[in-house]
Amino acid sequence: MLKDIVVLNEKETRGGFGEGILEAGRKNPNVVALTADLLGSMKLQAFIKEFPERFVQVGIAEANMIGIAAGLTIGGKIPYTTTFANFSTGRVYDQIRQSVAYSGKNVKICASHAGLTLGEDGATHQILEDIGLMKMLPGMTVIVPCDFNQTKAATIAISEYEGPVYLRFGRPKWPNFTPENQPFEIGKAQFLSEGKDISIFACGHMVWKAIEAGRILEEKGVSVEVVNIHTIKPLDVEGILKSIQKTGCAVTAEEHNIIGGLGDSVAQVAARHFPIPIEYVGTNDTFGESGKPEDLLVKYGLDTPNILAAAEKALIRKKH
Amino acid sequence: MTDLKATASQIRRDIVRMVHAVQSGHPGGSLGCADFFTALYFSVMEHNPDFHMDGRNEDIFFLSNGHISPVFYSALARSGYFPIQELSTFRKLNSRLQGHPTTHEHLPGIRVASGSLGQGMSVAIGAALAKKMNKDSHLVFSLHGDGELDEGQNWEAIMSAPNLGADNLISTIDWNGQQIDGPTAKVMNLGNLRQKFEIFGWETLEMNGNDMDDVITKLGQAKALTGKGKPVAILMHTVMGKGVDFMEGHHEWHGIAPSDAQLKAALNQLPETLGDY
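Chains U and B are the protein sequences, given in the same order. For the first sequence, the tail end lands on 320 under my numbering, and the numbers increase by one without skipping. For the second sequence, the tail end lands on 1277 under my numbering, and the numbers increase by one without skipping.
In structure tokens:
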């Protein structure tokens, strides 16, 4: 039951990245960190202190950073590029497309400050299109972990996977509820509850919101299956199908445009294999703005009540 | 030197024949750089045609201006990376010799895709840094178009290479003064390119890229300048279309193919051959 999930503490997912890259660096001498003038925001201090010779500061030059990372892989290195999600993706799309994805390079593109919860810096920095951009690239793996512990586990796991990866996480402190030192299996959905009435598929920060909404539904007697789709690509098609064949309706929740994000990926599975009513929670073809993270989630319809309302709508559609 | 000149002539024959066969591709820049590629692959670089992607303990090369793929493919095939006959598949369906070079089809000798301009120097810097981390004392070479320098990423790379200590990198600029829309001086004037590289912290040489003796000498000088704290730039003066008189110096030949009659005329001007594919 969702009410049994315990919040261990509140921590930034990017902090999980910082701990994860340190541990990945200890495990594998080929792990190299790069940043475009954001080592503090990206929590790289501990890695740099321990491995100063395995750190490359490129300055505010993200295109160059992606290219240098692609070159480092040729000598067998496992480069992690680090900057905010907007500058990790949209700004350098063609560099990633040609030098990394098409060239099949083992670059780990690690992106913090994704989505609305970046907060006060506003729309220039709040990318809501990055999941779509990255998942469309052939061969690109796209991972959006839900909390500190999972981000740490994912950061370590990608060092053991050969191929380009986009790892997306965020800025604010957020409930940390998945186990410390958990195994992280790329491409395997995480079932946080078992239910038979409705599936809620979420990623990133929205997983916690999905749990909150699911708890309210449980109190109302609805049997909810909350599923953390931490890997948007490759998608756990089997896991999603197993869930929707049982529940018959679904909600998707993501801190991203509903055009091109997690919801689209889930809907494609349903459309091709098992059509069901699906309601989307996410931003709807809009840019963000300045504000506190929680206020932004409310204004743009990404809060717990929005998931609840979407679930009720999906349940009604299922009956008709 | 006689052998090198014959090889360069053969590479030029390959270029015009490849481009003519599919009536597409980029002969101008390819012909201009034939002497440079010949020098690199048949004299200057310590390299292993038994290809390994990681390029450990050998010199490696990156082509940033990927559209001159014909000269790259010919040099690779002629130096033993893949069968010479495979040049006949250039730009055809199911070929490893794509219009622009790629690792995607696993063609030996290619270490990164290029074609979308301005990305190769960054990649070369990364490979150079990896060599340093691996205590591999071999060198990284790269080639860039002059028009390509319009792309801003180059200047990020040019500024970063000295800062990052990439003194095992030799980047050559094909300074033929031509780009698609006309002379570089008109499209986007590069100004004092030598001063630009020097002021960014590079050791900078100039050479006549169509004089084999000068190419060999200057590449040797460039190698001697590595390992001293600075990356090395070579501003290579070439003539677009070199070796085929009606193509020489004309930007129109950047990306068009010769007709049957033009192919015949071109091959007549390139009599030295090692045997066509």
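All C-beta atoms in this analysis are idealised placements derived from N, C-alpha and C, irrespective of residue type, glycine included.
- At a cut-off of 8 Å, the C-beta of residue 1119 of chain B has a neighbouring C-beta in chain U.
- In the three-state DSSP reduction, residue 144 of chain U falls in the coil class, being neither helix nor strand.
- For residue 1104 of chain B, the CB contacts under 8 Å within the same chain, skipping 5 residues up- and downstream, are 1098, 1113 in chain order.
- Between residue 12 of chain U and residue 148 of chain U a beta carbon distance of about 7 Å is seen, short of the 8 Å cut, so the two are scored as contacting.
- Taking 8 Å as the Cβ-Cβ cut-off, the stretch 70-97 of chain U approaches chain B at 70, 71, 72, 73, 74, 75, 76, 77, 79, 94, 95, 97, given in chain order.
- For residue 1109 of chain B, no CB of chain U lies under 8 Å from its own CB, so it is not counted at the interface with that chain.
- Here DSSP, grouped into helix, strand and coil, assigns residue 202 of chain U to strand.
- Residue 1123 of chain B is not a Cβ neighbour of residue 1131 of chain B, given a cutoff of 8 Å.
- For residue 1070 of chain B, the enclosing alpha helix (DSSP H) starts and ends at 1069-1078.
- Non-local C-beta neighbours of residue 310 of chain U in its own chain, meaning closer than 6 Å and more than five positions away in sequence, comprise 251, 279, 281, ordered along the chain.
- The beta carbon of residue 67 of chain U sits closer than 8 Å to the beta carbons of 95, 99 from its chain, once the five residues preceding and following it are set aside; these are given in chain order.
- A distance of 8 Å or more separates the beta carbons of residue 103 of chain U and residue 169 of chain U.
- One alpha carbon belongs to residue 30 of chain U, the other to residue 1028 of chain B, and they sit about 41 Å apart.
- Residue-level contact by beta carbon holds for residue 58 of chain U and chain B, with a gap shorter than 8 Å.
- Assignment of beta-bridge partners to residue 1204 of chain B by DSSP yields B:1233.
- By the Cβ test, the stretch 1135-1152 of chain B is in contact with the stretch 1059-1068 of chain B, since at least three Cβ pairs between them sit closer than 8 Å.
- For residue 21 of chain U, no CB of chain B lies under 8 Å from its own CB, so it is not counted at the interface with that chain.
- Put simply, the backbone Cα of residue 255 of chain U is about 11 Å away from that of residue 288 of chain U.
- Contacts with chain B at 8 Å (Cβ-Cβ) do not include residue 159 of chain U.
- Between the alpha carbons of residue 137 of chain U and residue 220 of chain U lies a distance of about 42 Å.
- Taking every protein chain shown into account, the CB of residue 1037 of chain B has 16 or more other CB atoms within 10 angstroms, so this residue is buried.
- Taken in chain order, the members of the stretch 1151-1165 of chain B whose beta-carbon sits within less than 7 Å of a beta-carbon on chain U are 1153, 1156, 1157, 1160, 1164.
- For residue 1087 of chain B, not one C-beta of chain U is nearer than 8 Å to its own C-beta.
- The beta-carbon distance between residue 105 of chain U and residue 70 of chain U, rounded to whole angstroms, is 5 Å. This is short enough to meet the 8 Å contact definition.
- Every beta strand (DSSP E) stretch that sits fully inside the stretch 33-98 of chain U and reaches 3 residues is listed by chain position as 55-57, 78-84.
- Secondary structure note for residue 12 of chain U: it is in no alpha helix (DSSP H), and the uninterrupted beta strand (DSSP E) holding it is 9-12.
- In this structure, residue 249 of chain U sits away from residue 275 of chain U, with a CB-CB distance that is not shorter than 8 Å.
- Here the stretch 179-192 of chain U makes contact with the stretch 232-240 of chain U; the two share three or more CB pairs at distances below 8 Å.
- A direct Cα-to-Cα measurement between residue 245 of chain U and residue 62 of chain U gives close to 44 Å.
- Residue 125 of chain U sits in coil when the DSSP states are folded into three classes, being neither helix nor strand.
- Residue 68 of chain U belongs to the set of residues whose beta carbon lies under 8 Å from a beta carbon in chain B.
- The DSSP assignment places 206-219, 237-247 as complete runs of the alpha helix (DSSP H) inside the stretch 200-256 of chain U, in order along the chain (cut-off: 4 residues).
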